[in-house]
Amino acid sequence: MNEKEYDLNDIIEMKKEHPCHLSKQWKIIRMGADIRIKCLGCGASVLMPRQKFDKKLKKVVEKAQ
Numbered sequence: 030m031n032e033k034e035y036d037l038n039d040i041i042e043m044k045k046e047h048p049c050h051l052s053k054q055w056k057i058i059r060m061g062a063d064i065r066i067k068c069l070g071c072g073a074s075v076l077m078p079r080q081k082f083d084k085k086l087k088k089v090v091e092k093a094q
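Residue numbers for the sequence shown, in our numbering: 30 to 94.
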C-alpha cells in the first residue's frame, strides 16, 4: 500500500471540499492518535482519527519549512 507522507504544519488537500466551498486545502495543526486540521478557506478546525484521515487525504500540497 502507498503510504502518504505528511507532518505537522503541512498543507494538504482532502478528497472532498469543505462545506464552506472556499477550499479543499487544509493545514495540519495537531498530530497524535487523532489529527486536527484547519480549513484554509474559513478557518474551521476538524479533529479526526488518523485512520479516517488517511482515507480522506488526497495529497500533500506543500511541506512545512
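All residues carry an ideal CB built from backbone N, CA and C; glycine is no exception.
The shortest C-alpha to C-alpha distance from proline 48 to any of Met60, Gly72, Arg59 and Met77 is the one to Gly72. The alpha helix (DSSP H) runs of length 4 or more contained entirely in the stretch 32-78 do not exist; there are none. Ranking Met43, Ser74 and Val75 by CA distance to the CA of aspartate 83 puts Met43 first. Inter-residue distance for leucine 37 and arginine 59 is about 6 Å (C-alpha atoms, whole angstroms).
Between leucine 69 and glutamine 54 a beta carbon distance of about 5 Å is seen, short of the 8 Å cut, so the two are scored as contacting.
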